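Here the structure is laid out as structure tokens; the discussion comes afterwards.
Number of protein chains: 2
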Amino acid sequence: MKIICQKINLLKSVNISLKAVPSKTTMPILECILIDATTNQIKFTTNDMELGIETIVDGTIEEKGIIALDAKIFYEIIRRLPDNTVTIKTDEKLTATITCEKAKFTIPGKSGEDFAYLPLIEKEESLTISQFTLKEMIRQTIFSIASNETNKLMTGELFEIKNNYLKIVSLDGHRIAIRRMELKKDYADRKVVVPGKTLNEISKILSGEIDDIVNIYFSKNHILFEFDQTIVVSRLIDGEYFRIDQMLSSDYETKIKINKKEFLDCIDRATLLVREGEKKPIIIEITDNSMELRIDSAMGSMNENIDIDKEGKDILIGFNPRFLIDALKVIDDETISIYLVNPKAPCFIRDDEENYTYLILPVNINQNQAR
Amino acid sequence: MKIICQKINLLKSVNISLKAVPSKTTMPILECILIDATTNQIKFTTNDMELGIETIVDGTIEEKGIIALDAKIFYEIIRRLPDNTVTIKTDEKLTATITCEKAKFTIPGKSGEDFAYLPLIEKEESLTISQFTLKEMIRQTIFSIASNETNKLMTGELFEIKNNYLKIVSLDGHRIAIRRMELKKDYADRKVVVPGKTLNEISKILSGEIDDIVNIYFSKNHILFEFDQTIVVSRLIDGEYFRIDQMLSSDYETKIKINKKEFLDCIDRATLLVREGEKKPIIIEITDNSMELRIDSAMGSMNENIDIDKEGKDILIGFNPRFLIDALKVIDDETISIYLVNPKAPCFIRDDEENYTYLILPVNINQNQAR
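So the protein sequences, as listed, match chains A and X. With this note's numbering applied, the first sequence corresponds to residues 1 to 371, in that order. With this note's numbering applied, the second sequence corresponds to residues 372 to 742, in that order.
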């Protein structure tokens, strides 16, 4: 095999490929990037058995062939080469020689025979959305998936297409994050659970440009994202996702409007008095047109008032400050609405169009902490 | 005590003070910043018993007093306050209340009675140089102090004033770094060894502006740096520094001139084939007007040629690539001169005026590796 590419193109493709290289594996071949130049295109493939990526590299094939190269070493080499034309050549002993200007690297390769190719997905109807939108919707929900594997379904996100809306949902038992967008054409209803890891990795590859699109295809066990010169295939998580509709009541006793930045800054200040790992709730006391935030810890105490617009009852309620911070950080609105029922019921942060809904369970606090 | 300061001034002073707060200590009082408003100035003091810092804070004293506050908590609070006027007030129970706009923090303080004040240094003759120069000279030498304490003197840097030159020297047994500058007026000769930690910390506080000056005072056991509104006092390291003059021969068999960036990039590329902790020398073969760099490791091999100007003999020599990289990174010249004697003798990188000299010991290599 002999291929010639520009360093910048190689680096881009290697960076994409790395996202599906497992950090630990019992199959050393999976630590490789498969460079396939057997057809008239140069194709890089990586696969960690959950997630697979295939990406086309711009370049010239001077001699057809195929080889698997250690992904990390290959990346380090490409990264440090001068910005110029790079030649990758292999011999019959599967040794790869990488040259660029006067620099010459020689590294051992593998045949790629044992390489696990990506599953073949029939590309029927695709869901087409902007890369920007997909990247944003992932960012705005991914933080509330569960980090441990006790309940596999909680480690993924629900992608639901229904009545021409795409809804992405994540939950971890303490909170729910929902983002919703209207689709531009009719799609068949569908419900799948995509692993959080897949979504994290794909977020890093998506351009984030509003004009770039991504086509999404579904099969029984897989989801396939196609964009630019890249295909990402991921297994789906098996099982029926949680019924969240019954948790999303629209009744409330208290509704407040608050400046998001003021609220966020205030919680941020309060949490500095909480040592890592320590579970200290932030206490929120809502009275007429004022919200008082308080925290007490071994390090000291803090309180602060914020002006609000309030409808309904006064309330004293406690929250894990982390959960409030996570949700507030991904909301772009300057002013937000928060709906509360009582100190033991979840609060909702949502906009009028329900493009976003964040549900957060409160923490039990001593109701005598009212001042 | 009651003082009023702008958040930005407080933050600047706290940041400076933190540099002398020990990360671990058996004396909890040393984890505090002493806020002294007993005179007509607000003064922050910190002291880790090796290094002490005193800095004046702009602000108003409404009620005189003194208190010691946990440095890390105090820093976290100040950092997150809104950009506005901050009031710090203490009561007879040594509780400090910090208020800014609507935010109010309450934290416990200490009397400061046990606080270790800075040693008093008589300010006689001072050495006055630009903050930029001091900061640069430290940066250009500090990397070659020894990281372990086996030989205490190696963990510091020699400051030598002699014949109206200031010379700063560091060495770790494998290499020597020397920077030298001419002084603008006559100073008495002097030789002291300043702890590397002191120099690292002071580097972070110095403005780095060429027009800002720093006054340096010496006592038998201490060095004192005075700049802006800050005083830094450090113990000196006891003992006589190594005699380096006898190691700095000016004889050579080979002299080359090489483009610094090309050389550095090439070594950087070569080292990617060396796993962390693995000791693989980079092999340099100098022949007429060309230098070949080679490295061989379990991961693969690399070689590259660089154009050079050469005087004298051909040579094949091996180096720890890290030592070359460290020295090359802090040299600003585009083209550098390297002087070599034989494969077992140190090489020198130095300019004609000897404003800088970097000595690096070679690594033994098999002389049959010549091609």
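For glycine and all other residues, C-beta sits at the position ideal for the given N, C-alpha and C. Just so it is clear, the structure is predicted and the values come from calculations on it, not from any experiment.
Straight across, the Cα-Cα distance linking K102/A with E675/X is about 5 Å. Ranking D351/A, S249/A, E54/A, K110/A by CA distance to the CA of P119/A puts E54/A first. Residue-level contact by beta carbon fails for L153/A and chain X, as no gap is shorter than 7 Å.
Under the 8 Å Cβ criterion, the segment 237-249 of chain A counts as touching the segment 175-193 of chain A, having at least three qualifying pairs. Here R275/A is exposed. Its C-beta has fewer than 16 other C-beta atoms within 10 Å. When the Cα atoms are used, R322/A and I282/A turn out to be separated by approximately 10 Å. At least 7 Å separates the beta-carbon of I308/A from that of K260/A. Ranked by Cα distance from I61/A, the first of I35/A, D48/A, T141/A is I35/A.
For secondary structure counted as the beta strand (DSSP E) over 3 or more consecutive residues, the segment 210-236 of chain A holds these complete runs in sequence order: 213-218, 222-227, 230-235.
Judged by beta-carbon spacing, L440/X lies within the 7 Å limit of I404/X, meaning their Cβ atoms are closer than that value.
Around the beta carbon of D114/A, a 10 Å sphere encloses fewer than 16 other beta carbons of the protein chains shown; the residue is thus reported as exposed. Under the Cβ distance rule, D91/A does not count among the residues neighbouring chain X, no pair being separated by less than 7 Å. For K313/A, no beta strand (DSSP E) run applies, since DSSP gives it neither H nor E.
Beta-bridge partners assigned by DSSP to I709/X: I627/X, I720/X. Residues of the segment 468-484 of chain X with a C-beta less than 7 Å from any C-beta of chain A: K473, A474, K475, F476, T477, I478, P479, listed in chain order.
Boundaries of the alpha helix (DSSP H) around N571/X: 567-576. Using a 10 angstroms sphere on the CB of P362/A, the tally of other CB atoms reaches 16 or more, which defines it as buried. Distance from the CA atom of A71/A to the CA atom of T230/A, rounded to whole angstroms, is 17 Å.
Apart from the 5 residues on each side of it in sequence, H222/A sits with its Cβ closer than 8 Å to the Cβ of P119, I121, V233, S234, R235, L236 in its chain, given in chain order.
Taking a C-beta distance under 7 Å as the contact criterion, V428/X and I448/X do not qualify as a contact pair. Taking 7 Å as the threshold, the shortest C-beta distance from N386/X to chain A does not fall below it. At least 7 Å separates the beta-carbon of L695/X from that of I657/X.
Using beta-carbon distances, S301/A counts as an interface residue toward chain X, with a partner under 7 Å. S574/X and I509/X have their C-alpha atoms spaced approximately 7 Å apart.
Within the segment 66-125 of chain A, the runs of beta strand (DSSP E) that reach at least 3 residues and sit entirely inside it are, in chain order, 85-90, 95-100, 103-108. In this structure the segment 575-587 of chain X does not lie against the segment 513-528 of chain X, because fewer than three pairs of beta carbons, one per stretch, are closer than 8 Å.
Neighbours of D639/X in chain A, taken as residues whose beta carbon is under 7 Å from its own, are R80 in chain order. Excluding sequence positions up to five before and after Y339/A, its CB lies within less than 6 Å of the CB of Y252, K255, F348, all in the same chain and listed in chain order. The CB of N305/A comes closer than 8 Å to the CB of K473 in chain X, given here in chain order.
As computed with DSSP, K538/X is found in a beta bridge with E531/X, R551/X. Close to I73/A, with beta-carbon spacing below 9 Å, are these residues of chain X in chain order: L643, L644, M670, G671.
In the structure shown, R175/A adopts extended strand secondary structure according to DSSP, grouped into three states.
Counting only residues of its own chain and dropping the five nearest sequence neighbours on each side, L199/A has a CB closer than 7 Å to the CB of I138, I142, E157.
Rounded to whole angstroms, the gap between the alpha carbons of K184/A and D351/A is 21 Å. In this chain, F503/X is not harboured by any beta strand (DSSP E); it is covered by the alpha helix (DSSP H) spanning 502-510. In this structure, the alpha-carbon of K220/A lies about 12 Å from that of G239/A.
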